[in-house]
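Q: By our numbering, the letter at position 179 of the sequence shown is numbered 194, and the numbering carries on one by one without gaps. Take this structure first; my questions come after.
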Amino acid sequence: MEGVSKRYGGVRALENANLAISAGRIHAILGENGAGKSTLIKILSGVVSPDAGRVVLDGAEVAFNSPAAANRAGVVCIFQELSLVPDLSVADNIAISNPPRRFGLIDRRAQRRIAEEALARAGASDIHPMSLVKDLALSRRQMVEIAKALAREPRILILDEATSALTAADVAKVFVVLKRLRDEGLALLYISHRMHEIAELADECTVFRNGANVASYVAGTKSDDEVVELMIGREWSHVFPAKPPPREPAAVPLIEVRHLNWADRLRDISFHAHAGEVVGLGGLDGQGQRELLLALFGVLRGVSGEIRVAGAPVAPASPNAAKSKSVGMALIPEDRKTEGLMLPMSLRDNLSFASLERISRGGVIDHAREMKLVGDMIDLLAIRASGTEIPAGALSGGNQQKVVIAKWLMAEPRIILLNDPTRGIDVGTKQEIYQLLRRLAGAGAAIVFYTTDYSELIGCCDRALVLYDGAIKRVLVGDEITERALISSALNLADEHGAPDGARLQ
C-alpha cells in the first residue's frame, strides 16, 4: 500500500500511509484507536475505497470494490466485530458466501464437511458444526469467525483484535494455527493492543499514529515503552493510578450480596463493596463473572438470594429498576457494538439515552440541559469526535467505549458494574479508564470490575474475588493480589502457602 489517504468529511483517517507485507511473515500493526488501523484494513479488504494512493498485490495494482472481490484475490479479514448470523448454524455461517451446491440446492453434507475441516484447521474441532451460533459463548463465536476466514483459503489473512474475546486456552490454539499458516506461506496482518501477543507472534511491526505510519521495525528490536511512545507521541509510563491508603470502611457496605444463586451458573455468591472501593472479579473466563453482573443488574430471571444497597434490600427485576434512583446501578456491558450503543444514532442520542428522566420535564427533553450534560461527558472522558450529531458507529473503538461509559456516568450511578471494559482498546485509552475508575471510587462510588487481564486486577483493585465454577473460591486483599495467587485460585489449586482456596471468603 503506497501513499494511501482517506477522509470522512473533515476527519482525516489516513494521510499518505504506506505498508509493505510479505508472504510467510506475520506483520503486526500497532497504534491507538483512531490512528487509522481500521481504515487501512478496510481499504485492503475492499470495504472502502481510498481517496488517493494505490494497492499493489504481487506486483500488479489492484482496486477492490467489495469484500467479495478482495476474497477472490485471496485477501480475507477477520474483524473485531463478529459478522456471524446468530440464528444460523456454525456450518451455515462458515459457508455462507459460497455454499457447496448439488442439483441447484445447498449440499448440506458437503457444507458440514467443509465446516468440520475449517474448525479443525482453526483448532476448534470441539465446536459442533450444526450448533446455532446464538447458543455459543462469545469466545466460541470468535473461533467460528476464524474458521470461516480459513475456509476461504486466504493468501493474506488480516486479524483485527481477533483474540480479544478469546479465553487463554483458545488464544494458545490460535497462536499455533497462525504460526502454522505463516510456515505454509501465508502473509498475516495482525492487529492487537496486547503487547505480549505481538512479542510472541510478530516478525515485523509497523506503528501508526494520527493516520500515518510513523515507524517500521523488526519485532523484538524495541522495548514496550519505546513502542508505546511511538503510538501515543509522548513519553509513556505504564503505571496504574496509585491506590489510596486503606481506610476504615463504613459500617454498612454500599452494596451487599448474600447467597445469590442462578440456574447452575451462580452458586451461593456472597460479597460486599463499600463506597470508594474497587472490587475485582477474577478467575478463568466463563466461571460466572458475567452472569453475576447481569444478575445484579436485573437482566436474569430466576435469581435467588438477597441484594442490599446501603443496607436496604432491593430486588431489581429489570435494568430500568436497577438504574433507578433508589438503587443507582450502572452496567458497562461486554460488547459495546450490540449491547452498549445504537450505532446509527448520534453521539448525543447515545450519551443521553440512559438519562432521559434527568434531562426531561413533563416528558419533554430539555435540550439546553441535555447539551450541557453531553458536553460535560465529552470533556470528562476526552471523547474525540467532530461533533455531537455524528453516528456513534463512525467513532473509533476506544471512543465508542468511552461513550458507553459516559452514557452511564451521566445517569449519576453510585454502584458501577464493568464487564471487561478495556477489551480491544489501545493502551492510552486504557490508562484513561484506569484513572477514571479511581476518580469515581474517590468520589464515593462502589465499583465491581470484571476483567480477563490479571495486571488490571493487580493494578486497579482493592480486593479481588476469584470465581471458579460459579462460586467465589477466594478473596484477595491489597498486597495479596498477585499473579501467582490469582492463577492458583483461578485453577482451584491451593495457594502459595498450601492453604486450600476458599479458606478466606469474607
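Beta carbons are placed, not taken as given, at the ideal position from N, Cα and C, and that holds for glycine. None of these values were measured; they are calculated from a predicted model.
Express the C-alpha separation of residue 407 and residue 137 in angstroms, rounding to a whole number.
A: 33 angstroms
Q: Under the assumption that residue 274 contacts residue 321 (Cβ atoms under 8 angstroms), give the Cβ distance between them as a whole number of angstroms.
A: 7 angstroms
Q: Taking only runs that begin and end inside the stretch 87 to 152, name each unbroken beta strand (DSSP E) of 3 or more residues, in chain order.
A: Those beta strand (DSSP E) runs which fall completely within the stretch 87 to 152 and span 3+ residues are 90 to 93.
Q: So if DSSP puts residue 321 in a beta bridge, which residue, or which two residues, is it bridged to?
A: 273
Q: Do you know how far the Cα of residue 470 is from the Cα of residue 178?
A: 17 angstroms
Q: CB residue 451 to CB residue 228, shorter than 8 angstroms?
A: no
Q: Going by alpha carbons, who is nearest to residue 333 out of 299, 45, 327 and 342?
A: 342
Q: Quick check: the stretch 56 to 76 against the stretch 262 to 270, are at least 3 beta-carbon pairs closer than 8 angstroms?
A: Segments in contact, no.
Q: Does the pairing of the stretch 204 to 218 with the stretch 127 to 136 give three or more beta-carbon distances under 8 angstroms?
A: no
Q: Can you tell which of 309, 162, 47 and 370 has its C-alpha closest to the C-alpha of residue 192?
A: 162
Q: Would residue 480 and residue 296 qualify as a contact pair, given that the criterion is a beta-carbon distance under 8 angstroms?
A: yes
Q: Let's test the definition: count the other Cβ atoms within 10 Å of the Cβ of residue 223 and tell me whether it reaches 16, buried, or not, exposed.
A: buried
Q: For residue 324 and residue 467, what's the separation of their Cα atoms in angstroms?
A: 27 angstroms
Q: Could you check whether residue 247 and residue 413 sit closer than 8 angstroms to each other, using their CB atoms as the reference points?
A: no
Q: Would you say the stretch 237 to 247 touches the stretch 73 to 92, given that touching needs at least three Cβ pairs under 8 angstroms?
A: Cβ pair count under 8 angstroms is below three, so no.
Q: Can you tell me whether residue 82 is helix, strand or coil according to DSSP?
A: helix
Q: If distances are taken between C-alpha atoms only, which option among 293, 134, 449 and 141 comes closest to residue 269?
A: Closest option to residue 269, Cα to Cα, is 293.
Q: Taking the alpha-carbon of residue 449 as reference, which of 202, 486, 272 and 476 has the nearest alpha-carbon?
A: 476
Q: If we cut at 8 angstroms on Cβ distances, does residue 191 have a partner in chain D?
A: Among the chains of the structure shown, chain D does not appear; only one protein chain is present.
Q: In the DSSP assignment, find the alpha helix (DSSP H) that holds residue 362 and state where it starts and stops.
A: 362 to 367
Q: Are residue 105 and residue 77 close, meaning C-beta to C-beta below 8 angstroms?
A: no
Q: Do you know offhand how far residue 153's Cα is from residue 181's?
A: So the alpha carbons of these two residues sit roughly 8 angstroms apart.
Q: Are the beta-carbon atoms of residue 216 and residue 172 separated by less than 8 angstroms?
A: no
Q: Give a yes or no on whether the C-beta atoms belonging to residue 501 and residue 462 are separated by under 8 angstroms.
A: no
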